[in-house]
Amino acid sequence: MIRVQALSKNFSNIQAVDQVSFDARRGEVLGFLGPNGAGKSTTMKMLTCFIPPSSGTADICGFSILENPLQARSQIGYLPESAPSYDEMLVGEFLRFVGEVRGYSGKELHRRVSIVIEMTALGDVKDQMIETLSKGFRQRTSLAQALIHDPPVLILDEPTDGLDPNQKHEVRTLIQNMSEERTILISTHILEEVEAVCTRAMIISAGKVVGYGTPDELMSQSIYRNSVTVSVNGANPKKLLEQFDELDFIYSVERVPDRRNGIVTMRLYPKEKESIALPLEKFIFSKKIPIENFNVNRGRLDEVFRELTLNQLTK
């Protein structure tokens with residue numbers, strides 16, 4: 090659905106996007122992750138044909154953004170950052186206006202507006218003015234306008250930025266529901282967004298792709314991968330550290346601050362990031378160590394993100 094090949098963009102002597110390549114298929118939610126100024130929004134503007142690339146190309150559903158920009162754009166529903174809308178219009182009126190701009194009229198226009206209102210759960214506010222809506226409902230309205238022509242590809246730039254936790258959950262649920270029949274590309278700097286909705290993720294820094302894979306594949310690069318955090322009640326910290334340190338499947342042990350009275354917490358790192366949960370549980374059971382908590386860490390995306398993006402910036 091989306092194929093990007095060596096896409097680059099220069100602004101004078103600034104390399105905003107540098108040889109970015111990726112693909113995204115139907116049913117996928119691809120997270121485009123990076124710090125502010127990394128080149129995410131510039132890439133999205135090139136994919137939606139708002140600005141031309143300096144070099145490279147991309148296809149949207151088989152249409153080249155260089156050779157067939159109008160056809161490529163017609164395949165896309167685009168939610169830009171700080172999506173524009175008309176505050177003085179009613180929600181339903183605004184969606185009808187967008188539908189007319191897209192070429193719909195009569196019964197088909199009414200049908201398309203009704204469909205997107207139902208998809209985005211705007212029925213209760215369709216007769217309200219946009220300026221009276223909460224930010225969450227305003228974002229739903231913006232999503233609805235991006236869906237009015239039933240596009241196979243959705244490109245969403247920071248779709249939950251500025252929303253409260255409940256509003257973020259609502260928008261993420263909408264995105265997941267819409268992804269079954271579409272290809273969705275989400276630009277974000279919010280790491281929890283990737284774990285919550287993305288099937289794959291790409292990390293960009295200084296215009297270059299520095300990480301690519303499923304969330305779990307990216308987290309596998311974390312130093313915390315398969316580490317285990319153990320909290321013990323009434324233990325002697327020195328003795329506990331010595332016991333854990335002698336295990337041959339443990340690479341290192343560190344004490345973790347814990348404010349709970351009488352609780353000692355340790356983090357145990359495995360050799361080669363291998364799973365140590367089962368042998369560690371057997372050891373703890375055999376020694377009758379009074380465990381309060383036992384948590385296995387899949388890896389930390391924030392640590393991988395920081396490592397990859399800082400390394401790129403220092404090159």
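Take the sequence shown: its position 121, counted from the start at 1, is 210 in our numbering, and no numbers get skipped.
Don't be surprised by glycine CBs; every beta carbon is placed ideally from N, CA and C.
With respect to the 8 Å criterion, residue 308 and residue 356 are not classified as neighbours on the basis of their beta carbons.
In the structure shown, the three-state DSSP call for residue 262 is helix. Following the DSSP letters along the chain, one finds residue 290 inside the beta strand (DSSP E) bounded by residues 289-294. Comparing alpha carbon positions, the residue from 340, 280, 104 and 186 closest to residue 361 is 340. Residue environment for residue 151: exposed (fewer than 16 other C-beta atoms within 10 angstroms of its C-beta).
In the DSSP assignment, residue 385 falls within the unbroken beta strand (DSSP E) covering 380-385.
Three or more Cβ pairs drawn from the region 281-300 and the region 93-112 lie within less than 8 Å of each other, which places the two stretches in contact.
Secondary structure of residue 128 (DSSP, three-state): coil. In the DSSP assignment, residue 225 falls within the unbroken alpha helix (DSSP H) covering 224-236.
Non-local C-beta neighbours of residue 390 in its own chain, meaning closer than 8 Å and more than five positions away in sequence, comprise 280, 283, 284, 304, 307, 308 and 311, ordered along the chain. Of the candidates 177, 197 and 144, 144 places its Cα closest to the Cα of residue 99. Beyond the five residues adjoining it in sequence on each side, residue 133 comes within less than 6 Å, by CB distance, of 244, 246 and 276 in the same chain, given in chain order.
For residue 96, the beta-bridge partners assigned by DSSP are 109.
Annotation: the continuous alpha helix (DSSP H) that includes residue 305 extends over 304-308.
Rounded to whole angstroms, the Cβ separation of residue 288 and residue 91 is 13 Å, and the two are not in contact under 8 Å. In this structure, residue 353 sits away from residue 336, with a CB-CB distance that is not shorter than 8 Å. When C-alpha distances from residue 114 are compared across 209, 199, 269 and 157, the shortest belongs to 269.
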